[in-house]
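Trainee: Quick one: the structure is below, and I'll ask about it shortly.
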Amino acid sequence: MGITPFPFATLALASTAFAQFSTNTSGSPVVDLGYAQYRGNTSFRANFSTDVYYGIRFAQAPIGELRWQPPQNIEAHNDYDPSQVMDAEAPSPSCVQGTPAWQLQANDTGPVPVTGQEDCLLLDVYVPEEPQSSSLPVLVNIHGGGYTQGSAYGNAWQALVNASGGSFIYVSTQYRLGAYGFLSSSEVRENGAANAGLLDQRSALDWVQRNIRAFGGDPAKVTIIGGSAGGGSVMDQMIMYGGVSSPPFRAVIAEYPWWQPFHNKTILEGQYRDLLSAAGCSNIQCLRRLNESALQTATQKTYIDAYRTQPMGIYGFGDFYYGPSVDGDIIRDLPSNEWKQGHFSKVPLLVDRNGYEGFYFSNQSELTTEGTTMDLQELFPYAKQSFFDRLYQLYPMDSFNSTFWQRQTLFGDFIINCPTYYMASAMADMGIPTYKLIFNAGTQKHGATGAFITDPNDSPNVNTTIAEYMKDWFISFITDLDPNANSYYGLTDKPVWPPYNPRLGSEDSTPEFAVMDVNYTQIGAIPDLDVSAQCDFFHSSSYDVRN
């Protein structure tokens, strides 16, 4: 995979709003939020009829004493002059990025460059130049990147806003990453907040509730979307605080949701101690006093040291080390248990996954079953031999042409494919409108749907017909909570995407657990391929061996 975080590139879906703006002498739009004014960027107008406001601060900078603290609302903690118009015309810096050691070359032992900055609780707002109404639906994107990489600025979601004919507004937000957002030791919980990155995401959603009307958006019509760790994040937003009944969103799109293993308390405490050691500190107060560069260097060092610990690393290939954890309040139990017990917000759901989800996260240099087992022992640290015996019964070597394809299949199932089944079936069982898609077009690898949803219709590698279907489905779900409700391309032959459970109104001929299957030779409903013994095995409480 290398150091490039491409598979986790931000999936930014834009939300549109009716323009309650003024225009300055340069023709740039200005939005007045009451506590601040921002001047937007018009560079997308010519090709996409969309304006964008970059880098709007939704919370106070989480620096110094605010490191590992809940985000502070910007309206109550700012020194802005409401009469001054601030520049929102250029993409802003990302949060501090982290690089897991398996993304580096084995012989690369030098310092790893660290990019991004701590003062990063920013979001972008994309608004159609000619909105269809004064109160538009809103799409809020939580970017992916393994909870350690990525930013709000990503794919060409202005193309989807344009394709909708001005029917929605797009917002893309940032959140603290790696150790900055997901340090969860007992001292952090006692002197701050665990899962601070998830709280940042919720803070951005709350900002949208308070301020999106100024852009012409309707706060009652917010859909949240995310791909990869963004998909895992929107899942975490659904189970946050045990699944609230009135969340700050009305629907969810979880693209290839990355259910990164939730590390146990031993590893969480070890992460904290290792960061203290790398920083030359003895407590959290010292960490909060460190200058930004020193903390960046120390944080990146923890990724390397934890992976290269001998004889077995603390985390394995494909794991990003830092990420959400069970803290008893924000996240009250493992996602698998919360979904089994119905502890999630009950809102319409669209979920998808690609054909080869484990490809980027499997070690191509591992050639033996013994090596694969050692690798998996880092993923399942408390697994007994009976676990591996059953695992290899379900994924027998003679069904694959290499150990790589064996691991990519079982890893893809465990981390993404099976979670799409768990989420869809739990929702459908409660009678909530649910739609699932399996995507076998494009590269078929992690993130493959992105080009077909945000493609500006000039890519030679994207099938135009499939791209139009995908855009139509997604826009219809954003605006009407049903991928079949509208056609923004005037498509008369768009395949009908049935709900996941036929009890919700599908025709008698629709298969049970119906999913939309997209490939280059056939597009239509099939039974869910993830309703399987393999997924039942991973979901079984007796094999929840991550903690």
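Those letters in the sequence shown? Residues -27 to -1, 1 to 520, by mature numbering (1 follows the signal peptide of the UniProt record, and there is no 0).
For each residue, glycine too, the CB sits at the ideal point set by N, CA and C.
Considering only C-alpha positions, which residue in the set Q70, I426, G189 is nearest to A129?
Mentor: When each option's Cα is compared against that of A129, the closest is I426.
Trainee: Please go through the same chain and pick out, in chain order, the residues whose beta-carbon is closer than 6 Å to the beta-carbon of V85, but skip the five residues on each side of it.
Mentor: Counting only Cβ-Cβ distances below 6 Å, and skipping sequence neighbours, we find T72, Q273.
Trainee: Can you tell me whether Q379 is buried or exposed, with buried defined as 16 or more other CB within 10 angstroms of its CB?
Mentor: The residue in question, Q379, is buried, as its Cβ has 16 or more Cβ neighbours within 10 Å.
Trainee: In terms of alpha-carbon separation, which member of F332, A506, R149, T416 lies closest to residue 597?
Mentor: What is shown of the chain runs -27 to 520, which leaves residue 597 out entirely.
Trainee: Please state the DSSP three-state secondary structure of G478.
Mentor: Because the pLDDT of G478 is 47, which lies under 50, any placement of that residue in the model is unreliable, and the number read from its coordinates should be weighed accordingly. It is coil, neither helix nor strand.
Trainee: Closer than 7 Å by C-beta to H419: which residues in its own chain qualify, once you throw out the five before and the five after it? Chain order, please.
Mentor: P(-21), S201, Y229, N327, E330, F332, Y333.
Trainee: Looking at N46: is its Cβ nearer than 9 Å to the Cβ of A32?
Mentor: For N46 and A32, yes; Cβs fall inside 9 Å.
Trainee: Answer yes or no: do residue 522 and N434 have a C-beta to C-beta separation smaller than 9 Å?
Mentor: Here the chain has residues from -27 to 520 only, and residue 522 is not among them.
Trainee: In the region 301 to 339, which residue ranges form an unbroken beta strand (DSSP E) of at least 3 residues, counting only runs that do not cross its ends?
Mentor: Within the region 301 to 339, the complete beta strand (DSSP E) runs of at least 3 residues are 322 to 327.
Trainee: Note the first and the last residue of the continuous beta strand (DSSP E) segment covering I411.
Mentor: Note, I411: beta strand (DSSP E), 407 to 413.
Trainee: Using the three-state DSSP reduction, which class does D362 fall into: helix, strand or coil?
Mentor: Helix, per DSSP.
Trainee: Since F235 and V299 are thought to touch, with beta carbons under 8 Å apart, how far apart are those beta carbons, to the nearest angstrom?
Mentor: Right, the Cβ-Cβ distance comes to about 6 Å (below 8 Å), so this counts as a contact.
Trainee: How many Å lie between S376 and R30 at the Cα?
Mentor: This sequence places Thr at residue 376; Ser is not what is there. Distance between the alpha carbons of T376 and R30 is about 47 Å.
Trainee: So Q350 and M285 are in contact, right, with Cβ under 8 Å, and what is the actual spacing, rounded?
Mentor: About 7 Å; that satisfies the 8 Å criterion.
Trainee: Three-state secondary structure (DSSP) at S513?
Mentor: Looking at S513 - three-state DSSP - the assignment turns out to be coil, as it is neither helix nor strand.
Trainee: Would you decide whether L323 is buried or exposed? Buried here means 16 or more other CB atoms lie within 10 Å of its CB.
Mentor: It counts as buried.
Trainee: Less than 9 Å between the beta carbons of G243 and S108, yes or no?
Mentor: Their beta carbons are not under 9 Å apart, which means G243 does not touch S108 by this criterion.
Trainee: Given Y462, which residues of its chain have a CB within under 8 Å of its CB, disregarding the five upstream and five downstream residues?
Mentor: Excluding residues within five positions, the ones whose Cβ falls inside 8 Å are A136, E441, K444, D445.
Trainee: Short check: CB of L96 to CB of Y120, under 9 Å?
Mentor: No, Cβ-Cβ distance for L96 and Y120 is not below 9 Å.
Trainee: Could you have a look at Y143 and say whether DSSP puts it in helix, strand or coil?
Mentor: Note: Y143 maps to strand in three-state DSSP.
Trainee: If you follow the beta strand (DSSP E) that E228 is in, where does it begin and where does it stop?
Mentor: Where E228 is concerned, the enclosing beta strand (DSSP E) stretches over 224 to 228.
Trainee: Kindly give me the distance between the Cβ atoms of R175 and V195, rounded to whole angstroms, as I take these residues to be in contact under 8 Å.
Mentor: Between V195 and R175 the Cβ distance is about 12 Å, and since that is not below 8 Å, they are no contact.
Trainee: Is the region 462 to 472 close to the region 143 to 161, with three or more CB pairs under 8 Å?
Mentor: With the cut-off at 8 Å, the region 462 to 472 and the region 143 to 161 do not touch.
Trainee: So, helix, strand or coil for Y214, using DSSP?
Mentor: The answer is helix: DSSP assigns Y214 an H, G or I state.
Trainee: Can you look up T345 in the DSSP assignment and give me helix, strand or coil?
Mentor: Correct three-state label for T345: helix.
Trainee: Just checking my contact of Q10 with V58 at CB under 8 Å: how many whole Å lie between their CB atoms?
Mentor: Indeed, because the Cβ distance is near 5 Å, the residues count as touching under 8 Å.
Trainee: Would you decide whether T345 is buried or exposed? Buried here means 16 or more other CB atoms lie within 10 Å of its CB.
Mentor: Buried, because 16 or more other Cβ atoms sit within 10 Å of the Cβ of T345.
Trainee: Using the Cα positions of D247 and T275, report the straight-line distance between them to the nearest angstrom.
Mentor: Their backbone Cα atoms lie some 6 Å apart in a straight line.
Trainee: Under DSSP, the alpha helix (DSSP H) around K238 begins and ends at which residues?
Mentor: Unbroken alpha helix (DSSP H) run through K238: 238 to 252.
Trainee: Pop quiz: A63 and Y26 are said to be a contact at Cβ under 8 Å. What is the actual Cβ separation, rounded to whole angstroms?
Mentor: Contact doesn't hold; Cβ gap of about 11 Å is too wide.
Trainee: By DSSP, does Y120 sit in helix, in strand, or in coil?
Mentor: In the structure shown, Y120 sits in coil (DSSP, three-state: anything other than H, G, I, E or B).
Trainee: Between the alpha carbons of I115 and Y355, how many angstroms are there, rounded?
Mentor: If I take the Cα positions, the gap works out to 32 Å.
Trainee: Across which residues does DSSP place T438 in a beta bridge pair?
Mentor: Looking at the DSSP assignment, T438 forms no beta bridge with any residue, so it has no partner.
Trainee: Which value, in whole angstroms, describes the spacing of the CA atoms of P297 and V207?
Mentor: If I take the Cα positions, the gap works out to 12 Å.
Trainee: CA-CA distance, Y294 and Y288?
Mentor: If you take the alpha carbons of Y294 and Y288, they lie about 6 Å apart.
Trainee: Can you look up R350 in the DSSP assignment and give me helix, strand or coil?
Mentor: It should be noted that the sequence gives Gln, not Arg, for residue 350. Helix at Q350.
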